[in-house]
Each structure stands twice: as structure tokens, then as C-alpha cells.
Amino acid sequence: MGSELIHLLEQEARTEVDRVLAEARARAEEIVAAARREADEIRAAARRRAEDHRLQARTRATSTARLRAAALVLAAKDEAIRQVFDGVEDAVRAAMRDPARRRAVLQSFLREAVATLGEGRFAVEVAPEDVASAREAVRDLGVEAEVRGTPQVQDGVRLVSADGRSVVENTVSSRLARARRELVSEVAAVLWGAQVPAAAQGRPDG
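To get my numbering, take the position in the sequence shown, counting from 1, and add 37.
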């Protein structure tokens, strides 16, 4: 009787041990499976982040390259337009080196400036080497004006009213500056059949 009871207890103990082990194994499998799922999710998220970063980096690089290319094109167009106007300026200043043509241009510039300034006394400022020609031009126009030589005025005239409030400058530089503002779009259209680059349009005169 005692041995049978012991045997029965041993069987129940083994059964209980087997049950506990089975539950432990099942729980362990669940933990391992959850850990694997979590690891897979972490790896997938890491891959997505890496891909997102790669795409963002490629997008930034592409955008930077496009902006750089556009800037280079605009700079090249601006330089081409500048060379056109520089060539015109060189040609005009070369023509101004001819004494007869210089006197004629000076007289024409003076006539236009006088018409712009209107009535009243004024002074005529010209380059020191143009003083004699300017005085002759003033006499030819039949106006009374003081002629002054100044290195601040080159290749043209500057009229200053007696009270100093009105100034009219008519020089090669000022006329070329106005021509640039008025013609830069047309020059760009001739060169490329398009509107003037923003860089060329905003370039300071001088």
C-alpha cells in the first residue's frame, strides 16, 4: 500500500513537472518569437530610415547640382551680355579719341543737356581737355554759361544750375548706362531668344 502511494505521488510529480516544463517551453517560444518580430521590425525601420536618408541626400544633391548649374548658366549669360556692352563702350570711346568727332559729340551732348535743364543760368563742367571745345560750343549755342574743367566728368558734359539744385549729366558713361537698362532685354533676346538673366538685369551700372 505504501509503495503504491509513493508510485502514485511520483507519477503526479512527473506529470506536474512535465506540465511546468511544457508551459515554460511555450512561454520561451513566445518570448523568442516576439523578440524575433521586434528585431525584424527594428531592422525594417532601420532600412526605411536609411533609404529615406539616402533619398533625401540624393534629392539634396540633385537640387544643389541644379541650382549650381542654373547659377553657372546665369553667370555665363551675364558675362556674355557684359562683353557686348563692353565692346560697344570700347568702340564709342575709341571714336571719341578723334578730335573732330569728339567736338561734334560734345556739342551735341551740350545741346541736349541745355534743352533738358531749361531756362536760367548754369555752369558747364567738362573734362579739363574739353574746356576749349566746350566754350566754343557754348558760344555756338548762344547761351551764357561758365565752363569749368573737372576730372570728374569724362567724355561729355555736366550742367549745374546756379543754385546747385539741378544737375544734368550727359556723358558717354551715363548714356551707356541708360542704354544698358533699355536694351539689355533685347540683347538677351538676340543672343538666346529669351528674357534677360536676373543677374544681368540687376547688374549695377558703371
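Glycine included, C-beta positions come from ideal geometry on N, C-alpha and C. In this text the structure is predicted, and so the values were computed from the model without any measurement.
Report the option in the options whose CA atom is closest to the CA atom of residue i.
i: T178; options: V121, E149, D200, P188; result: Just to set this straight, residue 178 is Leu in the shown sequence, not Thr. L178 has its Cα closest to that of E149, out of V121, E149, D200, P188.
i: R185; options: V168, E173, D200, V175; result: V168
i: A141; options: V175, G124, V227; result: V175
i: S198; options: S222, A65, A182; result: A182
i: G157; options: G201, A63, E78, A61; result: G201
When DSSP labels each residue in this structure, what does residue i get in the three-state scheme?
i: T99; result: helix
i: V227; result: helix
i: E156; result: coil
i: G193; result: strand
If you follow the alpha helix (DSSP H) that residue i is in, where does it begin and where does it stop?
i: R295; result: What the structure shows of the chain is the stretch from 38 to 243, and residue 295 is not part of that stretch, so it cannot be assessed.
i: E206; result: Premise fails: E206 lies in the beta strand (DSSP E), 204-208, not in any alpha helix (DSSP H).
i: A174; result: 168-178
Assuming residue i and residue j make a contact with CB atoms under 8 Å, what is their CB distance in whole Å?
i: V205; j: T153; result: 5 Å
i: E219; j: T187; result: Not quite, the Cβ-Cβ distance comes to about 28 Å (not below 8 Å), so this is no contact.
i: M133; j: V194; result: About 13 Å separates the two Cβ atoms, so there is no contact after all.
i: A225; j: I118; result: 6 Å
Please say whether residue j and residue i have beta carbons closer to each other than 8 Å?
i: F159; j: L196; result: yes
i: L143; j: A107; result: no
i: F122; j: N207; result: no
i: L213; j: E126; result: yes
i: V190; j: A164; result: yes
i: R138; j: D192; result: no
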